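Asks: Numbering (this note's numbering), first residue to last: 17 to 293.
All C-beta atoms, glycine included, are put in the ideal place defined by N, C-alpha and C.
These numbers were taken from a predicted model, which means no experiment stands behind them.
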């Protein structure tokens with residue numbers, strides 16, 4: 017590749033084949049966006065593009081990539097958008113422990129890429145603090161989630177992942193859900209690449225503002241009480257807790273959530289008075 021002035025490369029939704037490792041990105045010093053989604057590309061995941069130090073966005077979803085995410089990705093200091101879903105990747109523990117050091121990540125999509133693996137249970141507090149700018153984490157149809165610390169990262173798209181045990185209280189510490197400073201940050205966020213999803217059978221393009229702060233942990237086997245700490249999530253718009261095994265009273269602290277628009281605690285074993293008004 018000799019296009020040394022190239023800043024964006026979008027070759028998504030084609031029939032490209034071969035190994036990404038055969039492509040020489042070293043001369044693309046100005047490249048900031050790489051979109052090769054929905055092709056038939058292969059190789060060990062993400063080695064060659066690491067030389068493009070100004071990359072802000074990488075989308076390689078829906079290919080035939082395999083292997084592990086390597087520490088070399090940390091050379092991409094400006095990376096804010098990483099989408100690798102629907103590939104055949106391995107070692108989710110290694111991947112998350114590396115990616116938590118990508119300080120500027122806003123969007124991370126790994127859906128259907130680590131099928132059958134267990135999400136790391138030992139990220140600890142550092143796991144939450146390592147994703148300070150993350151606004152969207154997609155792990156759907158990918159991993160089994162174990163451990164309280166791992167659940168702290170699933171403030172979005174935690175549904176249908178077989179979470180068990182008590183309510184993950186680490187969710188209540190996420191700054192993006194509780195800090196007034198975060199409100200201004202969300203307004204200023206710019207997505208380097210678009211987010212796509214389906215409405216019915218129609219593929220549509222979303223903006224990040226379409227996804228207000230939300231917790232979706234319905235359809236799991238979470239038990240125990242809803243913690244009082246949930247009242248700290250001042251910026252929360254949606255709280256979906258349905259079809260679990262919660263018991264006890266609905267905490268009075270829920271009435272502190274002034275931005276809450278959608279609350280669904282249905283199909284549990286809750287009792288007492290509702291304090292939402």
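Check each candidate in 182, 246, 189 and 130 and name the one with the smallest Cα separation from residue 147.
Replies: Closest option to residue 147, Cα to Cα, is 189.
Asks: If the criterion is Cβ atoms closer than 7 Å, does the pair residue 27 and residue 50 meet it?
Replies: Not a contact, by the Cβ cut-off of 7 Å.
Asks: Measure the Cβ-Cβ separation of residue 124 and residue 153 and say whether it is below 7 Å.
Replies: Yes, these two residues count as a Cβ contact at 7 Å.
Asks: Let me know the secondary structure DSSP gives residue 93 once reduced to three states.
Replies: Residue 93: coil per DSSP, three-state reduction.
Asks: For a test of the three-state rule: what should DSSP assign to residue 49, helix, strand or coil?
Replies: In the structure shown, residue 49 sits in a strand (DSSP, three-state: E or B).
Asks: Identify which residue in 266, 79, 23 and 109 has its Cα closest to the Cα of residue 68.
Replies: Looking at the Cα atoms, 23 is the closest of the given residues.
Asks: Measure the Cβ-Cβ separation of residue 251 and residue 229 and say whether it is below 7 Å.
Replies: Their beta carbons are under 7 Å apart, which means residue 251 touches residue 229 by this criterion.
Asks: Given residue 20, which residues of its chain have a CB within under 6 Å of its CB, disregarding the five upstream and five downstream residues?
Replies: So the qualifying residues of the chain are 43.
Asks: Give me the residue from 209, 276, 269 and 207 with the minimum Cα distance to residue 231.
Replies: That would be 276, whose Cα lies nearest to the Cα of residue 231.
Asks: Rank 116, 239 and 100 by C-alpha distance to the C-alpha of residue 260 and give the top, closest one.
Replies: Checked all of 116, 239 and 100; the closest Cα to residue 260 is 239.
Asks: Could you tell me whether the segment 240-247 touches the segment 109-122, using the rule of 3 or more Cβ pairs below 8 Å?
Replies: Flag = no, the segment 240-247 and the segment 109-122 do not touch.
Asks: Please report the distance separating the alpha-carbon of residue 32 from that of residue 58.
Replies: Their Cα atoms are separated by approximately 10 Å.
Asks: Report buried or exposed for residue 131, applying the criterion of at least 16 other Cβ atoms within 10 angstroms of its Cβ.
Replies: Exposed.
Asks: Counting along the chain, where does the beta strand (DSSP E) carrying residue 237 start and finish?
Replies: Where residue 237 is concerned, the enclosing beta strand (DSSP E) stretches over 237-240.
Asks: Given residue 35, which residues of its chain have a CB within under 6 Å of its CB, disregarding the five upstream and five downstream residues?
Replies: Within the same chain, residue 35 has close Cβ partners 58 and 59.
Asks: Checking 7 Å against the spacing of the C-beta atoms, do residue 98 and residue 71 come in under that value?
Replies: Cβ distance not < 7 Å, so residue 98 and residue 71 don't count as in contact.
Asks: With a Cβ-Cβ cutoff of 7 Å, do residue 54 and residue 74 count as a contact?
Replies: Contact flag unset, no.
Asks: Compute the distance between the beta-carbons of residue 88 and residue 126, then report whether it is under 7 Å.
Replies: In this structure, residue 126 does not lie closer than 7 Å to residue 88 by Cβ.
Asks: Would you call residue 128 buried or exposed, if buried means 16 or more other Cβ atoms sit within 10 Å of its Cβ?
Replies: Classification of residue 128: buried, given that the 10 Å Cβ count is 16 or more.
Asks: Let me know the beta strand (DSSP E) ranges lying completely inside the segment 225-289, each 3 residues or longer, listed in chain order.
Replies: Fully enclosed beta strand (DSSP E) runs of 3 or longer: 230-232, 237-240, 254-256, 261-265, 278-280 and 285-287.
Asks: Does the distance from the C-beta atom of residue 272 to that of residue 288 stay below 7 Å?
Replies: No.
Asks: How big is the Cα-Cα spacing for residue 118 and residue 85?
Replies: Answer to the nearest angstrom: the Cα atoms are 12 Å apart.
Asks: In terms of residue numbering, what span does the alpha helix (DSSP H) encompassing residue 27 cover?
Replies: Careful: residue 27 lies outside any alpha helix (DSSP H) and carries neither H nor E.
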